[in-house]
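Student: Sending over a structure as structure tokens; questions will come in a sec.
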Amino acid sequence: MAVLAEIRKRSWLLIGLIAFALLAFLLTPDQFDQIFSKNPNILGKVNGETITREEYSDQLYVLQQQAQQQGQPGTGLEEQAWQMMVQSKLIKQQFEKMGLQMTDDFFYSQLQFDPMFAQNQQNFDEKGNFRLQEIKKQVADLQNSGDLQAYNQWMKTRKAIEYRMMARQLFANITTGITTGKKEAEELMKQRDQLADIDFVKIDYGTFLQKNPIKVTTADLANYIKQYPLTYKADPSVNLGVVYFPSMPSKADEDATMKEITNLLSGQSDASGVAENFQNTTNDSMFVMLNSELPFDSRYLSENQLPPAIREWVKTASTGQINGPYREQDVLVLTKLLDKKPSDSVLSKHILIAYEGSERSTATRKKEEAKKIADSLYAVIKGNPAAFAEGLKLSDEPNAVERNGSVGWVTPSSPFDPAYMKFLLNNPKGATNVVESAFGYHIINIEDKKSGTMGYKLAHIVKGLTASDATETEVDKNARRFIQQVQGKTFNDFANLAKKSNYNFSNAKSVKRFDGQIQGLGTPKDSEIISWAYDKKRKKGDTEFFVVEGSGDRVVVIMNGKQEKGLADPESVREQIEPIVKNQLAAKKIIEKIKSGNATGLAQVAKLFGTTQQSGQVNLLNPQVAGAMEPKVAGAAFGVAKGKTSNPVEGATGVYVLVKKSETVNKQPGDIKQMTESISGQNASMFGQAFLKSLQDNADIKDYRIEVWDKGFQ
1 MAVLAEIRKR SWLLIGLIAF ALLAFLLTPD QFDQIFSKNP NILGKVNGET ITREEYSDQL
61 YVLQQQAQQQ GQPGTGLEEQ AWQMMVQSKL IKQQFEKMGL QMTDDFFYSQ LQFDPMFAQN
121 QQNFDEKGNF RLQEIKKQVA DLQNSGDLQA YNQWMKTRKA IEYRMMARQL FANITTGITT
181 GKKEAEELMK QRDQLADIDF VKIDYGTFLQ KNPIKVTTAD LANYIKQYPL TYKADPSVNL
241 GVVYFPSMPS KADEDATMKE ITNLLSGQSD ASGVAENFQN TTNDSMFVML NSELPFDSRY
301 LSENQLPPAI REWVKTASTG QINGPYREQD VLVLTKLLDK KPSDSVLSKH ILIAYEGSER
361 STATRKKEEA KKIADSLYAV IKGNPAAFAE GLKLSDEPNA VERNGSVGWV TPSSPFDPAY
421 MKFLLNNPKG ATNVVESAFG YHIINIEDKK SGTMGYKLAH IVKGLTASDA TETEVDKNAR
481 RFIQQVQGKT FNDFANLAKK SNYNFSNAKS VKRFDGQIQG LGTPKDSEII SWAYDKKRKK
541 GDTEFFVVEG SGDRVVVIMN GKQEKGLADP ESVREQIEPI VKNQLAAKKI IEKIKSGNAT
601 GLAQVAKLFG TTQQSGQVNL LNPQVAGAME PKVAGAAFGV AKGKTSNPVE GATGVYVLVK
661 KSETVNKQPG DIKQMTESIS GQNASMFGQA FLKSLQDNAD IKDYRIEVWD KGFQ
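Start counting the sequence shown at 1; every next residue gets the next number (the working numbering).
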């Protein structure tokens, strides 16, 4: 009855509960989440401005494309993409506060200064003028082509370029106002020229700690972190113990692969009684295609492009000679020399007549029609070479007229169409003819040729060294036995058993949700392991077993704890700060010993610690003492009266006690103007990163990624 009475008093509460229950009944879980939790398409906010999932994905895509172009892995870039989005938002906000706008006119006026365009010489004509109108036309053609994917890719790239432009404009405007006052320059010149001659005693931390070991506790680390909250602020992270079981080929596996590749040297008789092998084959490219794990490469390669193991061999080898099997990283290789000749550089120009279905073509003409046009045009040019320029107007290659149809200088190793390249290599300077390639019909003219270094054409039979099924089964068995042994055990038990068994153990102490890779591991399974670790149900001591598809590797992981947002967990940064804290504790003990021992002079201090007195000269602007940078010691040298003994100074490498003997002035070359310009230049060069860090430290940044990421697009 009492409960009913309370409900009657709070009828509004009852109505609210009923409404809530009805709403939960009527809505799907996704709709319910959208109303009562964060929007899964908004990953965060920077000073109230949202970062959407789409623009974050675009930034990540751009980074992955750049990595791919540079031959770098495209994984593990998620956190970098996030940081770039945050910084881009901050830059954009400051850019707009200055009254600037990213208009089309501004974008194209600055395009030639962006590294993506500035570093590509094809974007400039012979006089160094930026081909702006051509680039605008290419963008317009792309927009009108109907190729939505290609146009969207350009728009993503443009967004990244815009942020770079805003940053450059912002920093240029602000650094213009960075100046150095006359008084500041005069003071720095004084510090540069003043010298103090000192006698000193140094009690080195390393030497002291050898005799007086100090254990740094977690509390010691925590006290240090509290002194520098901005330096040691931490984002959410997890601490993982990882044991990696690589599926490496055994000796038996390697012997089997060696036997397989060696058999290709002798060959086996087929049904017709012919024994074809790598030595006697009449079709090297087909033999490679049928027997090698890598395709045949028809290019001529320079010595520097060859595997190191055969660079000397090819110089004296004769055509048809075979080297190997030899090991190159994780593969066994047989190499056959097919040909060698000077690697000429060829300059050519061409007119392209494309047809429907040819590569990268938007032409609608049939192949027969394209061939007829090309042959007719060639006949005219053959009788009158000057007609080539007029024929360029018919070329289907963009900007053919402006570029005079030139493809620039190429060598046999250039990534070119094989048919086009074959014509260049097998014909002399001045030759012109019609050549069909995957792109259509070309009227090619060889403008010039230059002899180069020796080029080698090789055929390689490559066999990878991989673990057999039996080896992979053994790896799986070891990994499963290990996880059974550690389930329910502590992290220390996990680590100790792994080390005792000589397994590949690592402790990733600060894995963030979007790192993409785990330090010390680096497998395609890393992202899945991180996702497992950030599951809301995950708790300390949980273990899991992962199989790396394709390689057969196994990974066993234990959760060793979570770091919430705030100050860094002391143990997670122990390796980073323990030496600093240990030196501070040592300094405290050294100073206490000096005071308790009533050591008032240098001789007494030296005797107390079994060390010697030294002499030196110190300068405030370059504060080197006994080979170490010691700014506090330099400060004390100029702060203490002549002939007086200083208080103990807690330096970077030890505790110092000193006596100043004299001060002198060693006038260096350079006047006030030069010093002012030098300081201003240094300040300007350091300004960008410092300014960006200041913006980020003082910004209101909300990161919802961990909460919403797995909900995906709604």
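Idealized CB from N, CA, C, for every residue including glycine.
#1: Check whether the Cβ atoms of I161 and D114 sit closer than 8 angstroms, and answer yes or no.
#2: Am I right that T523 and V557 are in contact with their C-beta atoms under 8 angstroms? What's the rounded C-beta distance?
#3: Less than 8 angstroms between the CB atoms is what I'm expecting for D46 and K97, so what's the real figure, rounded?
#4: Determine the contact status of A634 and N647, defining contact as a CB-CB distance below 8 angstroms.
#5: Quick check: the region 601–619 against the region 674–687, are there 3 or more CB pairs under 8 angstroms?
#6: Give the secondary structure of I214 by DSSP, where H, G and I count as helix, E and B as strand, and everything else as coil.
#7: Can you give the beta carbon distance from V201 to E578, rounded, assuming they're within the 8 angstroms contact cut?
#8: Give me the Cα-Cα distance between E630 and A587, rounded to the nearest whole angstrom.
#9: State the DSSP-derived secondary structure class of I174, mapped to helix, strand or coil.
#10: Of the residues N384, R403, N698, K382, which one's Cα is nearest the Cα of L392?
#11: Would you call the CB atoms of G552 and L77 closer than 8 angstroms?
#12: Within 10 angstroms of the Cβ of I225, are there 16 or more other Cβ atoms? Answer buried if so, exposed if not.
#13: Which same chain residues, not among the five before or five after A603, have their C-beta less than 8 angstroms away from its C-beta?
#14: If you count every other CB in all the chains shown that lies within 10 Å of the CB of G324, and 16 or more means buried, which is it?
#15: Does G550 pass the burial test, meaning 16 or more other C-beta atoms within 10 Å, or should it be called exposed?
#16: From this set, D204, K644, E544, which residue's C-alpha is nearest G654's C-alpha?
#17: Could you name each continuous alpha helix (DSSP H) segment of 4 residues or more that falls completely within the region 98–172, going from the start of the chain to the end?
#18: Indicate whether T58 and Q617 have their beta-carbon atoms separated by less than 8 angstroms.
#19: Suppose contacts are defined by Cβ-Cβ distances below 8 angstroms. Is S348 in contact with I446 by that definition?
#20: So, with DSSP's three-state summary, where would you put G241?
#21: Please confirm if the region 425–441 is in contact with the region 311–329, defined as three or more CB-CB distances below 8 angstroms between the two stretches.
#22: Between P246 and N504, which are expected to be in contact by the criterion C-beta below 8 angstroms, what is the C-beta distance as a whole number of angstroms?
#23: Kindly identify the DSSP beta-bridge partner or partners of Y326.
#24: Should the region 656–675 be regarded as contacting the region 466–481, the criterion being three or more beta carbon pairs within less than 8 angstroms?
#25: Can you confirm whether the region 307–319 touches the region 356–375 when touching is taken to mean that 3 or more C-beta pairs between the two stretches lie within less than 8 angstroms?
#26: May I ask which residues mark the beginning and end of the alpha helix (DSSP H) holding I594?
#27: Quick one: what does DSSP say E303 is sitting in, helix, strand or coil?
#28: Report yes if the C-beta distance between M85 and E55 is below 8 angstroms; otherwise report no.
Tutor: Here's the rundown:
#1: As a first step, residue 161 must be located in the sequence shown, where it is residue number 161. As a first step, residue 114 must be located in the sequence shown, where it is residue number 114. Going by C-beta atoms, I161 is nearer than 8 angstroms to D114.
#2: On the sequence shown, position 523 is the one that residue 523 refers to. On the sequence shown, position 557 is the one that residue 557 refers to. Incorrect: roughly 11 angstroms between the Cβ atoms, too far for contact.
#3: Stepping through the sequence shown from its first residue, residue 46 is reached at position 46. Stepping through the sequence shown from its first residue, residue 97 is reached at position 97. Residue 46 is actually Val in this sequence, not Asp. A Cβ-Cβ distance of about 14 angstroms is found for the pair V46 and K97, leaving them out of contact under the 8 angstroms criterion.
#4: Position 634 of the sequence shown holds residue 634. Position 647 of the sequence shown holds residue 647. No, the Cβ-Cβ distance between A634 and N647 is not below 8 angstroms.
#5: No: fewer than three Cβ pairs fall under 8 angstroms.
#6: Position 214 of the sequence shown, counted from the first residue, corresponds to residue 214. Coil.
#7: For this step, residue 201 is matched to residue 201 along the sequence shown. For this step, residue 578 is matched to residue 578 along the sequence shown. At roughly 27 angstroms, the Cβ-Cβ gap does not stay under 8 angstroms, so V201 and E578 are not in contact.
#8: Position 630 of the sequence shown, counted from the start, is the residue given in the question as residue 630. Position 587 of the sequence shown, counted from the start, is the residue given in the question as residue 587. Within the model, the alpha-carbon separation for E630 versus A587 is close to 14 angstroms.
#9: Taking the first residue of the sequence shown as position 1, residue 174 is located at position 174. In the structure shown, I174 sits in a helix (DSSP, three-state: H, G or I).
#10: Position 392 of the sequence shown, counted from the start, is the residue given in the question as residue 392. Ranking N384, R403, N698, K382 by CA distance to the CA of L392 puts R403 first.
#11: Locating residue 552 in the sequence shown gives position 552, counting from the first residue. Locating residue 77 in the sequence shown gives position 77, counting from the first residue. No, the Cβ-Cβ distance between G552 and L77 is not below 8 angstroms.
#12: Counting from one through the sequence shown, the residue named residue 225 turns up at place 225. Buried, since its Cβ has 16 or more Cβ neighbours within 10 Å.
#13: By one-based count along the sequence shown, residue 603 stands at place 603. Within the same chain, A603 has close Cβ partners Q613.
#14: Position 324 of the sequence shown, counted from the start, is the residue given in the question as residue 324. So G324 counts as buried.
#15: Position 550 of the sequence shown holds residue 550. Taking all protein chains shown into account, G550 has fewer than 16 neighbouring C-beta atoms within 10 Å of its C-beta and is therefore exposed.
#16: Position 654 of the sequence shown holds residue 654. It is D204 whose Cα lies nearest to the Cα of G654.
#17: The region 98–172 contains these whole alpha helix (DSSP H) runs: 104–110, 115–118, 132–144.
#18: In the sequence shown, residue 58 corresponds to position 58, counting from 1. In the sequence shown, residue 617 corresponds to position 617, counting from 1. It is worth fixing the name first, because residue 58 is Asp in this sequence and not Thr. In this structure, the beta-carbon distance from D58 to Q617 does not fall below 8 angstroms.
#19: Numbered from 1 along the sequence shown, position 348 holds the residue referred to as residue 348. Numbered from 1 along the sequence shown, position 446 holds the residue referred to as residue 446. Their beta carbons are under 8 angstroms apart, which means S348 touches I446 by this criterion.
#20: Here residue 241 refers to the residue found at position 241 when the sequence shown is read from its first residue. G241 falls in the strand class under three-state DSSP.
#21: These segments do not touch.
#22: For this step, residue 246 is matched to residue 246 along the sequence shown. For this step, residue 504 is matched to residue 504 along the sequence shown. Right, their Cβ atoms sit about 7 angstroms apart.
#23: For the purposes of this step, residue 326 is identified with residue 326 of the sequence shown, where counting begins at 1. DSSP output for Y326 lists V333 as bridge partner(s).
#24: Result no; under three Cβ-Cβ pairs closer than 8 angstroms.
#25: By the C-beta criterion, the region 356–375 is judged not to be in contact with the region 307–319, since fewer than 3 inter-stretch pairs fall below 8 angstroms.
#26: The residue given as residue 594 occupies position 594 in the sequence shown. 574–596 is the span of the alpha helix (DSSP H), which, as asked, contains I594.
#27: Position 303 of the sequence shown, counted from the start, is the residue given in the question as residue 303. Annotated three-state conformation of E303 is helix, per DSSP.
#28: If you number the sequence shown from 1, residue 85 lands on position 85. If you number the sequence shown from 1, residue 55 lands on position 55. Yes, they are a contact pair.
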